[in-house]
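Have a look at the structure below, then the notes.
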Amino acid sequence: MSNRDDFAKKIIEILRSRVNNRCSNPNCRVPTTGPTTDKEKINNIGIAAHITAASPGGPRYEKSMSKKERKSINNAIWLCSNCSNIIDRDPDKYRVDILREWKKVAEKKASEEIGKKLPDDNYVIQSISAAFSGQSSIFLPKLLSNSGKASSIALERLDPRFSIKSNYVNGLTSFELSAKEPVDAKMIIKQDYTNDFAQKYKNFDEHGEKLVVDTQEFEMEGSPLLKEIFSQNGRLEVTKSIDKKIIQKIWVKNPASSEKIQLYDVICKATIGKSSLTFEGSACESIITIKSRINRHQLDKYNNCITVDINFKEWDNQDVTSLPYFDPIYEFFQKLSDGWEFHSSIEIDGKKLFAGTVSDFQVEFFQYLHSLLHYIDVVGIICRNVNIRGSNFFFDI
722 MSNRDDFAKK IIEILRSRVN NRCSNPNCRV PTTGPTTDKE KINNIGIAAH ITAASPGGPR
782 YEKSMSKKER KSINNAIWLC SNCSNIIDRD PDKYRVDILR EWKKVAEKKA SEEIGKKLPD
842 DNYVIQSISA AFSGQSSIFL PKLLSNSGKA SSIALERLDP RFSIKSNYVN GLTSFELSAK
902 EPVDAKMIIK QDYTNDFAQK YKNFDEHGEK LVVDTQEFEM EGSPLLKEIF SQNGRLEVTK
962 SIDKKIIQKI WVKNPASSEK IQLYDVICKA TIGKSSLTFE GSACESIITI KSRINRHQLD
1022 KYNNCITVDI NFKEWDNQDV TSLPYFDPIY EFFQKLSDGW EFHSSIEIDG KKLFAGTVSD
1082 FQVEFFQYLH SLLHYIDVVG IICRNVNIRG SNFFFDI
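Those letters in the sequence shown? Residues 722 to 1118, by the working numbering.
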């Protein structure tokens, strides 16, 4: 007499139908039944597999489970014979939670397929034709999204330890990788780039500066997926950012009269390092960029290095007599040149974190920017006086 807790015939039939007679492995999904030459018979390659083993010693066996639970449909998953053998040969990889997720996804997919026409050869040909010619004789509203999903599936097959989601926005396809389990991968820097990488990593570790490495400078080991991704031309960017709303305010103050003039608020992103916090942002529609670095061991002394720069390219080919934000920017640097104090504060989620006089800033560079602004101002005055539009200026600075 067998001591296996096998499934009843009715449970097997229901299990198979609930996934539309397809293998529940999301990377397989093959049909498991079909006709034979004998019109009264079918060819079946599907198996009602046990998620936890039917008898002691089997893969994923749970001693605490009752016979009734072990024989119930909750402990069953419909697989093709090949996938059934695969999960039982490597039970440590194909754990109970993974198989239950397969089953859940397979049933959801089968539910979505009810009443929908399966794509035929003509549909595939039309899709390929549309991709090559840029035209389509049929309406394919999901062509791009389905293409992204297909790419995600192909990438997941390289390393099933990852879940991949694709997103297509403004002509750019992005992929989000999420590890389902710990992945032991190695990034090996090539000999010619070790010194440069060491300095970049030090700045990343100490100051939270963005770590940017070209893919030609390293190789990946431990994951076929990561190896494939980073074999393409591109770059790897790593940041340690704070997911908070951060606003930096900057203003100048007359030390004699206490009069002050404030520039527009700067929306910042912050990165964290062992030694310092770095805040970077822009204002005036990216014409002004600001970078501040604050020593984590001297948070009460907000006199750390701050860099303010002007992106003159934003004014290219615009009327020099009415450049956007020019007047407040010019006034700000004019007051600094006249000896006014430079002040700044940083707020996170509406709470003031730092505030004070900034003493450590690049005075000579600020004077250089002021001289350029003064030159632009003079050109604007001349254009207004002779009643012409100075719209052919390009600021190659």
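Each residue gets a CB set at the ideal place from its N, CA and C atoms; glycine is no exception.
Nearest to residue i (by Cα), restricted to the options the options
{"i": "SER1058", "options": "THR1078, PHE1086, ILE1011", "result": "PHE1086"}
{"i": "ASN1016", "options": "VAL904, THR999, ILE772, SER802", "result": "THR999"}
{"i": "ARG956", "options": "LYS921, GLN1055, VAL933", "result": "VAL933"}
{"i": "ASN803", "options": "ILE968, THR758, SER952, SER745", "result": "SER745"}
{"i": "VAL1029", "options": "ASN954, LEU1044, ASP1037, HIS1064", "result": "HIS1064"}
{"i": "ASP905", "options": "TYR815, TRP1036, ARG882", "result": "ARG882"}
{"i": "VAL1079", "options": "GLU949, ILE835, TYR1089, SER1066", "result": "SER1066"}
{"i": "MET908", "options": "LYS948, ARG1105, ASP917, PHE925", "result": "LYS948"}
{"i": "GLN1039", "options": "LYS870, ILE1109, GLN1088", "result": "ILE1109"}
{"i": "SER997", "options": "ASP1037, MET786, ASP926", "result": "ASP926"}
{"i": "HIS1018", "options": "THR936, HIS928, SER952", "result": "HIS928"}
{"i": "ALA729", "options": "LYS789, ASN806, ILE963", "result": "LYS789"}
{"i": "LEU876", "options": "TYR889, GLU897, VAL890", "result": "GLU897"}
{"i": "GLN937", "options": "GLU930, ALA919, TYR922, LYS911", "result": "LYS911"}
{"i": "PHE939", "options": "LYS931, ASN916, ASP1037, LEU1094", "result": "ASN916"}
{"i": "ASN742", "options": "LEU1094, GLY1077, ALA831, TYR815", "result": "ALA831"}
Beta-carbon gap between residue i and residue j smaller than 9 Å
{"i": "SER776", "j": "ARG725", "result": "yes"}
{"i": "ILE798", "j": "LYS901", "result": "no"}
{"i": "LEU736", "j": "ILE794", "result": "yes"}
{"i": "SER887", "j": "SER899", "result": "no"}
{"i": "ASP1070", "j": "LYS965", "result": "yes"}
{"i": "ASN748", "j": "THR757", "result": "no"}
{"i": "ILE732", "j": "VAL751", "result": "no"}
{"i": "VAL973", "j": "PHE1053", "result": "yes"}
{"i": "LEU1090", "j": "ILE1031", "result": "yes"}
{"i": "ARG791", "j": "PRO812", "result": "no"}
Reduced DSSP secondary structure (H/G/I, E/B, other) of residue i
{"i": "GLN1088", "result": "helix"}
{"i": "PHE951", "result": "coil"}
{"i": "ILE1109", "result": "coil"}
{"i": "TYR1096", "result": "helix"}
{"i": "CYS801", "result": "strand"}
{"i": "GLY779", "result": "coil"}
{"i": "ILE859", "result": "Any reading at ILE859 is ruled out, since the residue's pLDDT is 49, under 50, leaving its predicted position unreliable."}
{"i": "ARG743", "result": "strand"}
{"i": "ASN945", "result": "Just to set this straight, residue 945 is Pro in the shown sequence, not Asn. In this structure, PRO945 counts as helix in the three-state DSSP scheme."}
{"i": "THR936", "result": "helix"}
{"i": "ALA774", "result": "coil"}
Any non-hydrogen atom of the ligand MN within 8 Å of residue i CB
{"i": "ILE971", "result": "The ligand MN is not part of the structure shown, which contains no ligands of any sort."}
At 3 residues or longer, what runs of the beta strand (DSSP E) sit wholly inside the region 1017-1058?
1027-1031
Does the structure place the region 975-986 close enough to the region 937-953 that three or more beta carbon pairs sit under 8 Å?
no
Are there three or more Cβ pairs, one per stretch, closer than 8 Å when the region 1033-1051 is compared with the region 993-1013?
The way I'd put it, the region 1033-1051 does touch the region 993-1013; three or more beta-carbon pairs between them come closer than 8 Å.
List in chain order: all unbroken beta strand (DSSP E) runs of 3+ residues lying wholly within the region 892-931.
893-900, 907-910
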